[in-house]
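Sequential numbering of the sequence shown, starting at 91, is according to the numbering used here. Even glycine gets a Cβ: it sits at the ideal position worked out from N, Cα and C. Predicted model only: the values in this text are computed from it and were never measured. Everything on this sheet refers to the single structure shown next.
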Amino acid sequence: METKRSRRAMAAMDTVGWTESPRRQARRSPDGTLKDFAPTDLSEDMRSMVSQLAARVDELTGALDLARRRVAELETMTDEDVQLPVLNRGGFMRELKRAISVVDRYAMPAALICLDVDGLKAINDAYGHAAGDAVLREVVARVRLRLRASDIVGRLGGREFGAILWSASAGDVAQKAETLAAAIAGAPISVAGHQMRVAVSAGATALAAADSAETALARADAAMDRATRGGA
91 METKRSRRAM AAMDTVGWTE SPRRQARRSP DGTLKDFAPT DLSEDMRSMV
141 SQLAARVDEL TGALDLARRR VAELETMTDE DVQLPVLNRG GFMRELKRAI
191 SVVDRYAMPA ALICLDVDGL KAINDAYGHA AGDAVLREVV ARVRLRLRAS
241 DIVGRLGGRE FGAILWSASA GDVAQKAETL AAAIAGAPIS VAGHQMRVAV
291 SAGATALAAA DSAETALARA DAAMDRATRG GA
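Below, the structure written as structure tokens:
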């Protein structure tokens, strides 16, 4: 016979959707009926839920990795020149700042060369901008051929380029600037059946720990201007 206490206990278990007896356990379904429930059913449900959550975590982790790779690709794209296989000005200036930091922290010598391609406007006017772009690609190829793989090349403007050289002293970089200028001007560049010659003004400077990217670039530009005028 049910007592008031047992009825209250049953009511309490009904409130949370469960009833229990020594002989059975039951769970109330959404329609209000009681269904037999074995303790192992809970663990199976939990295993299924954990499996689903693990699959979802794997999916989200994959999506996050893909997003990170895409961000890295976009960052690389924003650092590259749109026409030539070199860094653009923004990317080059960031690398120049990094090089100065290395000089400051580790006392590792590094240097900067600026190159200005002369005669490009005449080529553009006579043969079109596609010919001018082809000339610049060959200029970049000749520069890269004479630098180490670790050295950095960037386009500072329409016809102006910069190169960061590692482990290079002031004397080394001055000689390298002359070598690059001679390599570019020394042989004609063939474009669409035409043999074109360009000259290059070059200026160089060693990087100092106290430099900013802007002051180092200004110093190399000044050296380039002096070389153009026949000075040092």
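Quick one: grab the DSSP three-state call for residue 244. strand
Would you list, in sequence order, the uninterrupted beta strand (DSSP E) runs of no fewer than 3 residues that lie entirely inside the segment 213-282? 242-245, 250-256 and 279-281
Just how far apart, CA to CA, sit residue 241 and residue 154? Residue 154 has its alpha-carbon roughly 33 Å from the corresponding atom of residue 241.
Helix, strand or coil for residue 171 per DSSP? Residue state, collapsed to three classes: coil.
Are residue 268 and residue 292 touching if we call contact CB-CB under 8 Å? yes
Stretch pair the segment 196-207 + the segment 247-260: three plus CB contacts closer than 8 Å: yes
Would you report the Cα separation of residue 235 and residue 210, rounded to the nearest angstrom? 21 Å
Residue 114 versus residue 141: straight-line alpha-carbon distance, rounded: Only weak support is given to the placement of residue 114: the predicted model assigns it a pLDDT of 49, under 50, and the value that follows is read from those uncertain coordinates. Between residue 114 and residue 141, the C-alpha separation is close to 29 Å.
Are the segment 213-221 and the segment 278-293 touching by the rule of at least three beta carbon pairs closer than 8 Å? yes
Going by C-alpha distance, which of 237, 265 and 229 is nearest residue 249? Ranked by Cα distance from residue 249, the options 237, 265 and 229 are led by 229.
In this structure, does DSSP put residue 111 in helix, strand or coil? Note on residue 111: pLDDT 45, under 50, position unreliable in the model; the coordinate value appears next. DSSP places residue 111 in coil when its eight states are reduced to three.
By DSSP's criteria, residue 295 is part of a beta bridge. Which residues make up the other side? DSSP, once it has assigned bridges, lists 202 as partnering residue 295.
Using the Cβ count rule (16 or more neighbours within 10 Å means buried), how would you classify residue 136? exposed
Take residue 238 as the anchor and find which of 196, 253, 159 and 274 has the nearest alpha-carbon. 253
Alpha-carbon to alpha-carbon, residue 148 and residue 263: 52 Å
Give me, in chain order, the residues of the same chain whose beta-carbon lies closer than 8 Å to that of residue 323; leave out the 5 immediate sequence neighbours on both sides. Because the chain spans 91 through 322 in this model, residue 323 falls outside it and cannot be assessed.
Per DSSP, which one or two residues make a beta bridge with residue 192? According to DSSP, which records beta bridges pairwise, residue 192 is partnered with nothing at all.
Residue 170 and residue 181 closer than 8 Å at C-beta: yes
Give me the Cα-Cα distance between residue 112 and residue 144, rounded to the nearest whole angstrom. With a pLDDT of 43 at residue 112, under the threshold of 50, the modelled position of this residue cannot be trusted; read the value that follows with caution. If I take the Cα positions, the gap works out to 36 Å.
What do you reckon, are the CB atoms on residue 244 and residue 177 nearer than 8 Å? Cβ atoms of residue 244 and residue 177: closer than 8 Å.
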